[in-house]
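Protein chains in written order, with this note's numbering: chain R, 736 to 904; chain B, 748 to 851; chain V, 26 to 636. Read the structure below first, then the notes.
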Amino acid sequence: MLATLFYIAALIALTSTMAALTRANAAHALIYLIVSLLAVAVMFFLMGAPFAAALEVVIYAGAIMVLFVFVIMMLNLGDTGEDREREWLAGRNWFVPGAMAALLLIEMLMVLGDSQGVTSGNAVSPKAVGIRLFGPYLLAVEIASMLLLSSLVGAYHLGRRFIVRRGEH
Amino acid sequence: MDGLMVPMEHVLVIAGLLFICGLFGLMLRRNIIFMLMSLEVMLNSAALAFIAAGAHWGQADGQIIFMLILTVAAAEVAVGLGLVLQIQRRFKTLDMDQAHRLRG
Amino acid sequence: MNTIALIPLFPLLSATLLIMSAGRMPRHIAATIGAGSVGLSAICVALLARDFLADGQVLELTLWTWMSVGDFAPRIAFYIDGLTIVMMSVITGVGFLIHLYSIEFMWEDESICRYFTYMNLFVAAMLLLVMADNLLLLYLGWEGVGVCSYLLVGFWYKDPANGAAARKAFIVTRIGDTAMALGLFLLLTELGTLDIQPMMIAANSQWQTGDALPVLATALLLGGAVGKSAQLPLHTWLPDAMAGPTPVSALIHAATMVTAGVYLIARTYGLFLLAPPTMEAVAWIGLATLLIAGFTALAQNDIKRILAYSTISQIGYMFLALGVGAFASGIFHLMTHAFFKALLFLAAGAVIHCLHHEHNIFRMGGLRTRLPIVFLSFFIGSAALAALPFTSGFYSKDAILLSAWALEDIGPWLWAGGLLGALLTSIYSFRLVFIVFFGEAKTEPDRQPGWKMAGPLLLLCLLSLVGGWFALPLAGVFPAAAEHTVNHAVEWISIGTPLLGLLLAYLMFLGGQLSVDKMVASSGARALRDFWFSGWRIDQLYDVLWVTPYKKISYWMRNEPVDAIYNSIVAANQWAHHRLLVLQNGELRWYATTMVVGLILLLAVMLRNAP
Numbered sequence: 736m737l738a739t740l741f742y743i744a745a746l747i748a749l750t751s752t753m754a755a756l757t758r759a760n761a762a763h764a765l766i767y768l769i770v771s772l773l774a775v776a777v778m779f780f781l782m783g784a785p786f787a788a789a790l791e792v793v794i795y796a797g798a799i800m801v802l803f804v805f806v807i808m809m810l811n812l813g814d815t816g817e818d819r820e821r822e823w824l825a826g827r828n829w830f831v832p833g834a835m836a837a838l839l840l841i842e843m844l845m846v847l848g849d850s851q852g853v854t855s856g857n858a859v860s861p862k863a864v865g866i867r868l869f870g871p872y873l874l875a876v877e878i879a880s881m882l883l884l885s886s887l888v889g890a891y892h893l894g895r896r897f898i899v900r901r902g903e904h
Numbered sequence: 748m749d750g751l752m753v754p755m756e757h758v759l760v761i762a763g764l765l766f767i768c769g770l771f772g773l774m775l776r777r778n779i780i781f782m783l784m785s786l787e788v789m790l791n792s793a794a795l796a797f798i799a800a801g802a803h804w805g806q807a808d809g810q811i812i813f814m815l816i817l818t819v820a821a822a823e824v825a826v827g828l829g830l831v832l833q834i835q836r837r838f839k840t841l842d843m844d845q846a847h848r849l850r851g
Numbered sequence: 026m027n028t029i030a031l032i033p034l035f036p037l038l039s040a041t042l043l044i045m046s047a048g049r050m051p052r053h054i055a056a057t058i059g060a061g062s063v064g065l066s067a068i069c070v071a072l073l074a075r076d077f078l079a080d081g082q083v084l085e086l087t088l089w090t091w092m093s094v095g096d097f098a099p100r101i102a103f104y105i106d107g108l109t110i111v112m113m114s115v116i117t118g119v120g121f122l123i124h125l126y127s128i129e130f131m132w133e134d135e136s137i138c139r140y141f142t143y144m145n146l147f148v149a150a151m152l153l154l155v156m157a158d159n160l161l162l163l164y165l166g167w168e169g170v171g172v173c174s175y176l177l178v179g180f181w182y183k184d185p186a187n188g189a190a191a192r193k194a195f196i197v198t199r200i201g202d203t204a205m206a207l208g209l210f211l212l213l214t215e216l217g218t219l220d221i222q223p224m225m226i227a228a229n230s231q232w233q234t235g236d237a238l239p240v241l242a243t244a245l246l247l248g249g250a251v252g253k254s255a256q257l258p259l260h261t262w263l264p265d266a267m268a269g270p271t272p273v274s275a276l277i278h279a280a281t282m283v284t285a286g287v288y289l290i291a292r293t294y295g296l297f298l299l300a301p302p303t304m305e306a307v308a309w310i311g312l313a314t315l316l317i318a319g320f321t322a323l324a325q326n327d328i329k330r331i332l333a334y335s336t337i338s339q340i341g342y343m344f345l346a347l348g349v350g351a352f353a354s355g356i357f358h359l360m361t362h363a364f365f366k367a368l369l370f371l372a373a374g375a376v377i378h379c380l381h382h383e384h385n386i387f388r389m390g391g392l393r394t395r396l397p398i399v400f401l402s403f404f405i406g407s408a409a410l411a412a413l414p415f416t417s418g419f420y421s422k423d424a425i426l427l428s429a430w431a432l433e434d435i436g437p438w439l440w441a442g443g444l445l446g447a448l449l450t451s452i453y454s455f456r457l458v459f460i461v462f463f464g465e466a467k468t469e470p471d472r473q474p475g476w477k478m479a480g481p482l483l484l485l486c487l488l489s490l491v492g493g494w495f496a497l498p499l500a501g502v503f504p505a506a507a508e509h510t511v512n513h514a515v516e517w518i519s520i521g522t523p524l525l526g527l528l529l530a531y532l533m534f535l536g537g538q539l540s541v542d543k544m545v546a547s548s549g550a551r552a553l554r555d556f557w558f559s560g561w562r563i564d565q566l567y568d569v570l571w572v573t574p575y576k577k578i579s580y581w582m583r584n585e586p587v588d589a590i591y592n593s594i595v596a597a598n599q600w601a602h603h604r605l606l607v608l609q610n611g612e613l614r615w616y617a618t619t620m621v622v623g624l625i626l627l628l629a630v631m632l633r634n635a636p
């Protein structure tokens with residue numbers, strides 16, 4: 736039964752991703768993307784990685800996607816924006832990306848199709864993850880924090896003038 | 748709770764399919780917001796592959812890598828959206844085909 | 026510090042000081058430093074000579090090792106023997122008198138500082154040349170005097186003609202310098218050293234007389250000597266080099282630089298004795314040059330050009346002496362020539378200076394009464410030049426003619442040619458004296474020479490008269506010349522010929538008994554005079570042979586055909602660049618698509634090669 740659940744979640748992830756990337760309305764696309772992320776979180780949980788699943792929901796869907804939503808609301812694209820998008824999504828524009836993607840898909844299936852093995856049935860608890868983080872991966876944590884600091888400063892600087900002088904635009 | 752025993756092949760194929768979707772979206776869309784969303788999809792698919800590998804070996808390393816990918820995605824989105832705001836302000840449009848001043 | 030090292034050091038320091046002052050030094054200080062440094066060197070040379078004459082000991086001084094490459098380690102080293110002492114005395118002694126004279130001659134010139142810089146640099150380089158222990162240091166001095174000659178001939182650079190004359194001097198001597206460099210390379214590779222004394226010893230042990238290698242090496246050295254000493258075929262630069270100030274002509278083109286070639290051959294006499302064909306060539310070159318230049322001098326109007334051709338002719342005598350093996354006589358004539366030719370040039374400079382820069386002798390006249398000291402100098406100088414009895418020139422030229430006669434086979438021919446040359450010398454030098462100083466004055470002098478000009482003139486007059494009475498300290502330098510029996514008839518003919526020339530010149534130009542106009546009345550005679558006037562058309566010949574083809578080839582190559590090959594590579598590169606530039610259109614989607622295409626291709630290749 737759990738296996739069925741897994742494949743259903745996979746299906747949902749795939750279809751909602753495709754839907755997300757082919758919408759004209761940005762807000763709709765974002766919602767679809769959130770659904771996809773939640774489906775992937777279910778897959779994580781089923782594979783025995785509860786910590787990762789939690790992170791996916793809380794941070795990825797809960798923070799990053801929300802940031803996207805904020806920006807889209809701020810930009811206020813409106814109906815004109817949606818019409819323009821629909822025009823850009825006309826059929827003839829699908830040809831080259833579609834062909835490239837199809838070719839790449841065939842190659843990837845050829846590469847990945849030979850994979851051996853199964854996932855082990857054991858779950859990896861958050862406690863084990865924590866012990867590894869504070870042990871061998873301590874340096875990686877520090878570096879990640881520095882990365883976040885730099886992106887914080889960068890984002891603050893890049894967005895600053897827009898926010899402060901909104902009247903001037 | 749214990750996990751499932753899923754063939755690696757299946758999981759990796761799913762991750763590959765997600766990646767192809769993201770790539771397709773990147774090549775198709777002209778709006779910068781949608782391009783950033785496609786990038787997120789691609790990052791997510793890579794994360795899925797890592798979790799699958801971690802589950803295969805039964806180690807926590809997969810989840811740790813996932814966390815680092817998450818960190819990178821967060822940082823990238825923060826800065827990227829700041830840039831999007833600047834683009835909107837300067838070019839008055841989000842069409843990436845209009846932003847071709849670096850043409851050679 | 027050792028006296029020897031001080032000698033080239035004084036003028037070198039003075040030149041450096043004057044250069045660094047960038048022309049802002051006050052006139053009298055620059056002149057004092059310029060002339061004083063050479064004077065100090067002259068004093069040092071006198072002290073050195075006194076010591077040398079006392080004990081006859083050869084002095085050597087090594088300053089430092091210049092470079093050390095493999096087995097070759099030339100040093101900055103000086104070698105002082107009798108020959109060097111003679112040369113140094115001439116350079117610093119006559120040089121000091123000329124520097125003193127220059128102070129007055131160049132006093133009104135605005136670039137007097139630059140003048141003394143170049144003159145001192147020249148003296149330093151010339152001293153290095155004659156004091157050098159090895160041929161490489163000699164070559165350094167050689168090149169140095171060439172550069173200074175260029176700088177001084179083109180001193181008044183604002184007139185392009187002077188620049189052209191300076192360039193001509195430099196380029197023509199360069200041809201000789203290149204031959205000399207090749208000769209140095211040959212000597213170094215064959216004998217392993219360029220130190221002169223060891224080299225001559227090694228040559229004598231390694232080579233037989235008449236071998237191909239010494240002949241080739243000495244022929245190349247001869248090429249260098251011919252260029253620097255203005256002998257046939259590289260003599261065309263000297264008459265044009267009269268464009269420089271007259272003291273420059275006196276120092277460089279009469280007393281010192283043009284004698285560098287003679288010095289070179291005398292210094293390396295050991296090599297030349299191993300190559301009889303080259304010695305014969307030296308003698309014939311000397312003879313041909315002295316005759317051609319003698320005829321040319323007969324037809325000139327410019328006072329300095331007459332003296333220039335006279336210099337070429339007299340150096341021909343020195344070459345003749347070296348060619349027949351009379352090295353000591355050649356050096357003796359070098360010294361006496363330095364005295365009377367410097368005297369003549371300085372006197373000519375006084376004439377030019379006092380006649381507000383008139384050069385044409387047919388516009389002068391009657392200066393005997395108006396410039397008496399100058400007349401005396403000119404008369405004594407011309408007498409010495411013509412080798413009238415008991416002047417210094419008489420002793421040296423007679424020695425050369427007697428040595429020429431004594432050689433077997435070609436000796437008498439050389440003697441006869443030298444005799445004809447002596448006749449011509451006498452005729453043209455007294456022609457000059459009679460036309461400029463006698464007759465009616467066509468231009469009046471506007472001033473008299475001061476003590477700084479008159480003093481050197483009088484001193485050189487004295488030297489021209491008594492200079493022949495000294496025996497030069499050359500005993501230990503050259504191999505002893507064979508004692509030849511004196512043929513009295515030959516001697517009397519040699520003594521009498523210059524007097525005959527004086528008589529002919531008197532009849533033609535002063536007394537009027539022989540009319541020159543009647544002689545050049547016929548068109549054939551006129552053509553002959555024009556031929557002689559143009560220097561036997563050698564300049565025109567060179568123009569047709571070398572200059573015009575060179576200019577034509579340069580003109581054809583003006584679009585840089587060799588560069589076109591490299592430019593075509595660049596052009597092809599740029600063409601490809603512009604074709605590929607289409608791919609860089611600045612669109613993000615396009616870049617993503619091309620990345621995916623690359624990825625597809627890469628994976629395809631990997632999958633093909635996968636096991």
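Just so it is clear, CB atoms sit at the ideal spot from N, CA and C, and this is done for glycine as well. Please read these numbers as outputs of a predicted model, since none were measured by experiment.
Item: Proximity to leucine 177 of chain V [Cα-Cα], best of V:Val458, V:Leu211, V:Ile68, V:Ala268; Value: V:Ala268
Item: Backbone CA spacing between valine 172 of chain V and phenylalanine 195 of chain V [nearest angstrom]; Value: 7 Å
Item: Identity of the residues DSSP links to tryptophan 91 of chain V by a beta bridge; Value: Tryptophan 91 of chain V is not bridged to any residue.
Item: Cross-strand partners of aspartate 134 of chain V (DSSP beta bridge); Value: Paired residues: none, contrary to the question.
Item: Contact set between the region 609-622 of chain V and chain R, restricted to residues whose Cβ is under 7 Å from the partner; Value: Thr618, Val621, Val622
Item: Cβ shell of alanine 447 of chain V (< 8 Å), same chain only, five flanking positions each side left out; Value: Ala411, Ala412, Lys422, Leu426, Ser519, Thr522, Pro523, Gly526
Item: Euclidean distance between Cα positions of valine 307 of chain V and leucine 37 of chain V; Value: 34 Å
Item: Alpha-carbon to alpha-carbon, isoleucine 779 of chain B and valine 775 of chain R; Value: 24 Å
Item: Span separating the alpha-carbon of leucine 65 of chain V from that of phenylalanine 35 of chain V; Value: 7 Å
Item: Where isoleucine 435 of chain V falls: helix, strand or coil (DSSP); Value: coil
Item: Simplified DSSP assignment, three categories, for glutamate 791 of chain R; Value: helix
Item: Same chain, Cβ closer than 6 Å to alanine 244 of chain V, five either side skipped, listed in chain order; Value: Thr303
Item: With 16 other Cβ atoms within 10 Å as the buried cut-off, status of glutamine 233 of chain V; Value: exposed
Item: Euclidean distance between Cα positions of phenylalanine 897 of chain R and alanine 890 of chain R; Value: Any reading at phenylalanine 897 of chain R must be qualified, since the residue scores a pLDDT of 49, below 50, and its modelled position is unreliable; the value itself is stated next. Answer to the nearest angstrom: the Cα atoms are 12 Å apart.
Item: Proline 36 of chain V - DSSP class collapsed to helix/strand/coil; Value: helix
Item: Beta carbon proximity, phenylalanine 830 of chain R to chain B, threshold 8 Å; Value: no
Item: Beta carbon proximity, leucine 606 of chain V to chain B, threshold 8 Å; Value: yes
Item: For tyrosine 567 of chain V, the first and last residue of its enclosing beta strand (DSSP E); Value: Unbroken run through tyrosine 567 of chain V is the alpha helix (DSSP H), 563-567; no beta strand (DSSP E).
Item: Complete alpha helix (DSSP H) runs within the region 127-205 of chain V (minimum length 4 residues, chain order); Value: 137-156, 160-178
Item: Exposed unless 16 or more other CB atoms sit within 10 angstroms - verdict on phenylalanine 704 of chain R; Value: Here chain R covers residues 736 to 904 and nothing more, so residue 704 of chain R does not appear.
Item: Proximity to valine 801 of chain R [Cα-Cα], best of R:Thr854, R:Ala787, R:Ala764; Value: R:Ala764
Item: Contact with chain V by arginine 777 of chain B, beta-carbon distance below 8 Å; Value: yes
Item: Limits of the beta strand (DSSP E) - the one that arginine 100 of chain V falls within; Value: 100-105
Item: Residue-level contact to chain R via CB, phenylalanine 838 of chain B, 8 Å cutoff; Value: no
Item: Within 8 Å, strictly: CB atoms of phenylalanine 130 of chain V and methionine 478 of chain V; Value: yes
Item: Under 8 Å from the C-beta of methionine 774 of chain B: neighbouring residues of chain R; Value: Val831, Pro832, Met835, Ala836
Item: Nearest candidate by alpha-carbon position, reference asparagine 145 of chain V, set V:Gly120, V:Asp134, V:Ala300, V:Ala324; Value: V:Gly120
Item: Residue of V:Gly249, V:Ala353, V:Ala206 minimising C-alpha distance to tyrosine 294 of chain V; Value: V:Ala353
Item: Test: methionine 778 of chain R CB closer than 8 Å to a CB of chain C; Value: The structure shown contains no chain C; its protein chains are R, B and V.
Item: Proximity test, Cβ basis, 8 Å: glutamate 680 of chain R and chain V; Value: Residue 680 of chain R lies beyond the range of chain R shown here (736 to 904); nothing can be said about it.
Item: Straight-line Cα distance separating valine 846 of chain R from valine 864 of chain R; Value: 30 Å
Item: Close Cβ partners of cysteine 138 of chain V (< 6 Å) along its chain, the five nearest in sequence each way excluded; Value: Leu43, Gly48, Met50, Ala55
Item: Minimum Cβ-Cβ distance from alanine 601 of chain V to chain R less than 8 Å; Value: no
Item: 8 Å Cβ cutoff, asparagine 634 of chain V in contact with chain R; Value: no
Item: Residues in the region 845-864 of chain R having any Cβ partner in chain V nearer than 8 Å; Value: Met845, Val846
Item: Residue-level contact to chain R via CB, isoleucine 594 of chain V, 8 Å cutoff; Value: no
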